[in-house]
Amino acid sequence: MSQQNQAPQSAAPVAPPKPSKWRTFLDSDIVYSWKRQPVVILATLVTLIMFAAALFAPWIAPQNPFDPRQLELIDAFTPPMTTSDFTGNFYLLGSDSQGRDVFSAILYGSRISLLVGFAAVIFALVMGTALGLLAGFRGGWRDALIMRIADVQLTFPSILMALLIFGVIRGFLPRSLHAEVAIIVLIIAIGLSDWVQYARAVRGATMVEKSKEYVQAARVIGLPARKILFQHILPNVMRPVLVIGTIGLALAIIAEATLSFLGVGMPATQPSLGTLIRVGQDYMFSGEWWILLFPGLALLILALSVNLLGDWLRDVLNPKLR
Amino acid sequence: MLSVRHLRVEFPTRHGTLVALDDVSFDIAPGEVLGVVGESGAGKSMTGNAVIRLLEPPGHIAAGEVLLSGKRIDDLPEEHFVPLRGRHIGMIFQDPLTSLNPLFSVGDQLVETIRAHLPMSEKQAREEALRLLREVGIPAPETRLDSYPHQFSGGMRQRVVIALALAARPEFIIADEPTTALDVSVQAQILALLKRLCADHGTAVMLVTHDMGVIAETADRVAVMYAGRLIEIGPVDEVIRNPQHPYTKGLMASIPGIAKRLERLYQIEGSMPRLAAIPEGCAFNPRCPHAQQRCRAERPDLMPAGGSQAACWLHDPVDPLPLRQDLAGEEVSHVR
Amino acid sequence: MCADTAVKKSMATQGEVLLEAQDLARHFDVSKPWLNRVIERREKLTLKAVDGVSFSIRRGETLSLVGESGCGKSTVARLVVGLYGLTRGKLAFDGEDISNLAGRTGRQAASVRKRFQMIFQDPYASLNPLWRVGTIIGEPLRFFRPEMNSADRRRRVGELLEHVGLSAMDANRYPHEFSGGQRQRISIARALANEPEFMICDEPTSALDVSVQAQILNLMRDLQDEYGLTYLFISHDMAVVKHMSDRIAVMYLGRIAEIAPADQLFENPHHPYSKMLLAAVPSLEGVGKERTVIQGEVPNPVHPPTGCAFHPRCPHANERCKAEVPRLIARSDGSEVACHGVEEGRLP
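Residue numbers (the working numbering), protein chains in the order written: chain Z, 1 to 322; chain A, 1 to 336; chain L, 1 to 348.
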């Protein structure tokens, strides 16, 4: 009202020139907060670079580490920054026992790690959000049942849970399929072990939103539950979900690496970062340190930057902290 | 007792500095209840928070001074200021649950507060706590001393908070919306209690509220705030019966009464400006029926008006602005 | 707009009963979860939020429900619009039985639901923060009039915004860009969108400042005159209720203590609780005078007193009041009072 009064009353009100979406975005609190935190800027850059490197691995990597024909066994254990005396290949980060270029293996390995991470997060997010919405919106026995299952699952460490799920799924599959479906089994195992936190967050947020008056207004109109759920409640509970998803991505990457490290994840023929670390540790004390160090560093940097981004996003989007 | 001089509170933001309080001055005498009234965003709670230094960062006092019993307290370092809270300045907030620790019994909290400020033994302090609870009208205080805050009803809880605020016998109490969360019947009890106790102890009270009814029956003097500024201050019956500032007039007329029934309520058009867009000159000028060129250019200071003081050019002792005749008649008819 | 016809219609039918509520009750289960109950050997706890409330509202009038927190006034509002199901009792809207409205959603209930709307207390929670104002106001139109094309709908939304004192261009903005009073105007515009006959207003100005409250109350009165609206108005503020109502029902702990025409109630309240409420209102006229201080507080509604729920605070209570629940009894002056003292003639 005050604006109306201050503006001279003209016959044809003219809308103020609307800033473009891009400008509005650049002016938002999120961008402002991003610009003021060098650590977050760095984390963003590192994350982007690693995503890009993983995505474009086939064009960047000197060799395809999954293709045995490209491996030169004679170049095995070439130290970093060395050109092989036998084949004349240059190994930026050295090579492993199979003559596999560690740099290429890391690029392809982070590709698998990220793929598993993203897919597992999406799996957990969709499942957790759906169950959380159902529990929070309908309440009653559905709520009790879902949340009790969640409670039980939370009492197991998620890695143990993933191991268990992983073992059960593999038990049902013929041995010959294990290597082929390893990636899908991993995704399901990590996803299933992770849905609880989404379900809890969504359930809580749903119960809060459900009692808000705009939802009651929609119910007074008589909107069917389905519309209220998807048009009103779901969009308003997505914020915490996205934050958990970002932090969850880092955790899923680490979970995948852990499983692969324990030998129940990706096979050595299709190594993820975790597999590389497992393979590398055999050579740590025999002098070929690079086989372990570089994949380990790659995992550390990737998980750390994604986690930093997630933490920052949580702080920025959390209305309580503002 | 308390003097606030030219207080200015600023909030630096990335879009520029917001002035939340601008040149606010008032005094409170011992035993006096000063009501600070205004609508949301007027800066009434901010005034209280600035005095007890509970401004949320990045808000800070940018200018002016606060004196308690003649001593400046706004420039004290934090470690010298903290002991003042409780000992010399008591606080009562709207939600009693935020002032009480849910994990400790009421008796423990009282004893702890008393012993923190007064030289008393555990036993003496417990006696004192009992006396305080009795004084604020808690029935059977011996049995309630070991109860926890959640075991009290809303009104009883607010009584406990008052006991807590009075525990160290402070000279000055800030009560921020002390009865807003309570039902009317309980509200009357709490206000009567607060008023009686402060009169007995000679405690000065700054009563911050949006409710004119609460002010009318509790306060001795009223300060009316608008957009971070003090626009009228005076004895309560003067300000309520014969408001001088056009905003106060409008405010009083817009309150529905139970004595008379009007077809329409008087309404002040528009709403309070946001801090980021406080108009030049008098902050009320865009909504004021009498506003003229001078109001849009020059900010009025408090000047004597009727039995009180108002910050309005209508009351300029040298060159009073003429009341707009076409509006004056109509407006007066609305004032009850 | 069909304002003129609405007014004429309301003139012609003034006095006819629009909403009839008989013996409404709503009980909530507030017990602990089953497992805790079994282990701690606790009984099931029932909160009788509303317990036997009857009233009727005639077309074009404003009936207010007034009372302190926990008296069940907001629950009554939510029962009427079908946000809660009835535990007991009957509701009829314009002759049609709507007792089971809470169980009906979607198209099958649209014929009734489109005839009333609700305005809520909290202007910050009553608008979906992610929707543009135009989408919010258009929501009832999209549902009740799917045949309306989007250009017509936009035009209608613009009209509504202008009607409640905002600008048609505000349709493109988001709720957070508006002040509390402006948001309440948006809520009112949404409620008006489908030209309802009956509005349920749950503390519509309690969260607003007094000067804004005056604007909103005036707007609501104007709209009532213009559209011949019927209001069920809920408030805890006696002065606001007096300003708005034709008749007032005073509620205490889930029951109606007294129903009377507004002026009658303020001049000559019968029920001791009505008297107490009126005495407790802070008055601007009596500056410096202390109000009559009333002892006690509203008891916990989970464990209400026996008999007349008000008896522990009532100065006139006797044995009968402690044992027997009083019924609402009509008096010759047009009021209905639920008080043994008044019925027996002990009290005026």
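We put the beta carbon where it would ideally sit given N, CA and C, even for glycine.
Whole-Å CB distance - Val208/A paired with Ser45/A, under 8 Å assumed: Translated into positions along the second sequence, residue 208/A becomes position 208. Translated into positions along the second sequence, residue 45/A becomes position 45. Indeed they touch by this definition, with Cβ atoms about 6 Å apart.
Under a Cβ-count criterion, where at least 16 other Cβ atoms within 10 Å of its own Cβ denotes burial, should Ala29/A be classed as buried or exposed? In the second sequence, residue 29/A corresponds to position 29, counting from 1. With fewer than 16 other CB atoms across the displayed protein chains lying within 10 angstroms of its CB, Ala29/A is exposed.
Unbroken stretches of the beta strand (DSSP E), 3 residues or longer, contained in the segment 85–111 of chain A: Whole beta strand (DSSP E) segments, 3+ residues: 89–92.
Closer than 7 Å by beta-carbon distance: list the chain L residues that pair up with Pro355/A, in chain order. Look at the range of chain A in this structure, 1 to 336, and you will see that residue 355/A is not part of it.
I believe Met176/A touches Phe93/A by the beta-carbon criterion, under 8 Å. Please report the beta-carbon distance rounded to the nearest angstrom. Your numbering for residue 176/A matches position 176 in the second sequence. Your numbering for residue 93/A matches position 93 in the second sequence. Going by the sequence as given, residue 176/A is Asp instead of Met. With a contact defined as Cβ atoms closer than 8 Å, Asp176/A and Phe93/A qualify at about 5 Å.
C-beta contact flag for Leu229/Z and Phe137/Z at 7 Å: Taking the first residue of the first sequence as 1, we reach residue 229/Z at position 229. Taking the first residue of the first sequence as 1, we reach residue 137/Z at position 137. Cβ atoms of Leu229/Z and Phe137/Z: closer than 7 Å.
For the segment 212–223 of chain Z, which residues have a beta carbon sitting closer than 9 Å to at least one beta carbon of chain L? Taking 9 Å as the Cβ-Cβ cut-off, the segment 212–223 of chain Z approaches chain L at Lys212, Glu213, Tyr214, Val215, Gln216, Ala217, Ala218, Arg219, Val220, Ile221, Gly222 and Leu223, given in chain order.
Return yes when the Cβ of Arg26/L is within less than 7 Å of the Cβ of Leu79/L, no when it is not. If you number the third sequence from 1, residue 79/L lands on position 79. If you number the third sequence from 1, residue 26/L lands on position 26. Result yes, Cβ atoms of Leu79/L and Arg26/L sit closer than 7 Å.
Could you tell me whether the Cβ of Ala338/L comes closer than 7 Å to any Cβ of chain A? Position 338 of the third sequence, counted from the start, is the residue given in the question as residue 338/L. No, Ala338/L lies away from the interface with chain A (no Cβ there is under 7 Å from its Cβ).
Ignore the nearest five residues each way along the sequence and tell me which others in Pro196/L's own chain have a CB closer than 8 Å to its CB. Reading the third sequence from its first residue, position 196 is the one you call residue 196/L. Exclusion of the five residues before and after Pro196/L leaves Lys114, Arg115, Phe116, Gln117 and Leu229 as the residues of its chain whose Cβ lies within less than 8 Å of its Cβ.
Which chain L residues sit within Cβ distance under 8 Å of Ala225/Z? Start at 1 with the first residue of the first sequence, and residue 225/Z comes out as number 225. Simply Thr105.
Can you give me the start and stop residues for the alpha helix (DSSP H) that Lys32/L sits inside? Numbered from 1 along the third sequence, position 32 holds the residue referred to as residue 32/L. Where Lys32/L is concerned, there is no enclosing alpha helix (DSSP H), given that its DSSP letter is neither H nor E.
With a cut-off of 7 Å, does the C-beta of Pro256/A fall near any C-beta of chain L? Residue mapping note: residue 256/A aligns to position 256 of the second sequence, counting from 1. Yes, because at least one Cβ of chain L sits closer than 7 Å to the Cβ of Pro256/A.
At least 3 beta-carbon pairs within less than 8 Å: the segment 179–187 of chain Z vs the segment 265–273 of chain Z: A contact exists between the segment 179–187 of chain Z and the segment 265–273 of chain Z.
In terms of residue numbering, what span does the alpha helix (DSSP H) encompassing Gly117/Z cover? Within the first sequence, residue 117/Z is the residue found at index 117, counting from 1. Segment Val102 to Arg138, the alpha helix (DSSP H) holding Gly117/Z.
Using beta carbons (cut-off 7 Å, strictly below), is Pro240/Z in contact with chain L? Working through the first sequence from its first residue, we reach residue 240/Z at position 240. The beta carbon of Pro240/Z sits no closer than 7 Å to any beta carbon of chain L.
Any Cβ of chain Z within less than 7 Å of the Cβ of Phe143/L? To locate residue 143/L, count along the third sequence from 1; it is residue 143. Yes, its Cβ sits closer than 7 Å to a Cβ of chain Z.
Quick one, which residues of the segment 146–172 of chain A are near chain L if we go by CB-CB under 8 Å, in chain order? With the criterion set as a beta carbon lying under 8 Å from some beta carbon of chain L, the members of the segment 146–172 of chain A are Ser153, Gly154, Gly155 and Met156, in sequence order.
Would you verify that the beta carbon of Leu130/L is, or is not, closer than 7 Å to some beta carbon of chain Z? Taking the first residue of the third sequence as position 1, residue 130/L is located at position 130. At least one beta carbon of chain Z lies nearer than 7 Å to the beta carbon of Leu130/L.
What residue does the alpha helix (DSSP H) around Ile184/Z start on, and which one ends it? Mapped onto the first sequence, residue 184/Z falls at position 184. Ile184/Z -> alpha helix (DSSP H) spans His178 to Leu192.
Beta-ladder partner(s) of Glu336/L, from DSSP: The residue you call residue 336/L lines up with position 336 of the third sequence. Answer is Ile259/L and Ala330/L.
Quick one: what's got a C-beta closer than 6 Å to Gly138/L's C-beta in the same chain, skipping five residues either side? Reading the third sequence from its first residue, position 138 is the one you call residue 138/L. Hits under 6 Å: Arg153 and Val157.
Within its chain, find whatever has a CB closer than 7 Å to the CB of His6/A; leave out the 5 residues flanking it on each side and keep chain order. One-based indexing of the second sequence puts residue 6/A at position 6. Contacts found: Asp23, Ser25, Ala63 and Gly64.
Could you please tell me which residues of the segment 79–103 of chain L, in chain order, have their CB closer than 7 Å to any CB of chain Z? Taking 7 Å as the Cβ-Cβ cut-off against chain Z, the residues of the segment 79–103 of chain L that qualify are Val81 and Leu83.
Does the segment 265–277 of chain A come close enough to the segment 237–252 of chain A to have 3 or more Cβ pairs within less than 8 Å? Look at the beta carbons and you see the segment 265–277 of chain A touching the segment 237–252 of chain A: at least three pairs across the two are nearer than 8 Å.
Which residue wins for smallest C-alpha separation from Phe261/Z, given the options Tyr108/Z, Ile159/Z and Ser104/Z? Sequence index remark: in the first sequence, residue 261/Z carries index 261 (1-based). Residue Ile159/Z is the option with its Cα nearest to Phe261/Z.
Just checking, does the segment 228–240 of chain A make contact with the segment 202–219 of chain L on the three C-beta pairs under 8 Å criterion? These segments do not touch.
Beta-carbon separation of Leu65/L and Ala249/L under 7 Å? Taking the third sequence and counting its residues from 1, one reaches residue 65/L at position 65. Taking the third sequence and counting its residues from 1, one reaches residue 249/L at position 249. Result yes, Cβ atoms of Leu65/L and Ala249/L sit closer than 7 Å.
Between the Cα of Asn172/L and those of Val298/L, Ala193/L, Asp209/L and Trp131/L, spot the shortest distance and give me the residue it belongs to. Start at 1 with the first residue of the third sequence, and residue 172/L comes out as number 172. Closest in alpha carbon position to Asn172/L, among Val298/L, Ala193/L, Asp209/L and Trp131/L, is Trp131/L.
Continuous beta strand (DSSP E) stretch holding Gln117/L: start and end: Working through the third sequence from its first residue, we reach residue 117/L at position 117. Going by DSSP, Gln117/L is part of the beta strand (DSSP E) stretching over Phe116 to Ile119.
Rounded separation between Leu276/Z and Ala268/Z - CA only: Numbered from its first residue, the first sequence carries residue 276/Z at position 276. Numbered from its first residue, the first sequence carries residue 268/Z at position 268. Straight-line Cα distance between these residues: approximately 8 Å.
So Leu251/A contacts chain L; which residues on that side make the cut at Cβ distance below 8 Å? As a working note, residue 251/A is residue 251 in the second sequence. In chain order: Val210 and Ser211.
Buried or exposed (CB count within 10 angstroms, at least 16 for buried), Ser111/L: The residue given as residue 111/L occupies position 111 in the third sequence. Under this definition Ser111/L is an exposed residue.
CB contact flag (Ala54/Z, Ser110/Z, <7 Å): In the first sequence, the residue the question calls residue 54/Z occupies position 54. In the first sequence, the residue the question calls residue 110/Z occupies position 110. It is a contact, given that the beta carbons lie within the stated cut-off.
Answer with buried or exposed for Met1/Z, where buried requires no fewer than 16 other C-beta atoms within 10 angstroms of its C-beta. The residue given as residue 1/Z occupies position 1 in the first sequence. Because Met1/Z sits at a pLDDT of 39, beneath the cut-off of 50, its placement in the model cannot be relied upon, and the following sentence gives the value as read from the coordinates. Taking every protein chain shown into account, the CB of Met1/Z has 16 or more other CB atoms within 10 angstroms, so this residue is buried.
Please confirm whether Val205/A and Val160/A have their CB atoms less than 7 Å apart. Taking the second sequence and counting its residues from 1, one reaches residue 205/A at position 205. Taking the second sequence and counting its residues from 1, one reaches residue 160/A at position 160. No, the Cβ-Cβ distance between Val205/A and Val160/A is not below 7 Å.
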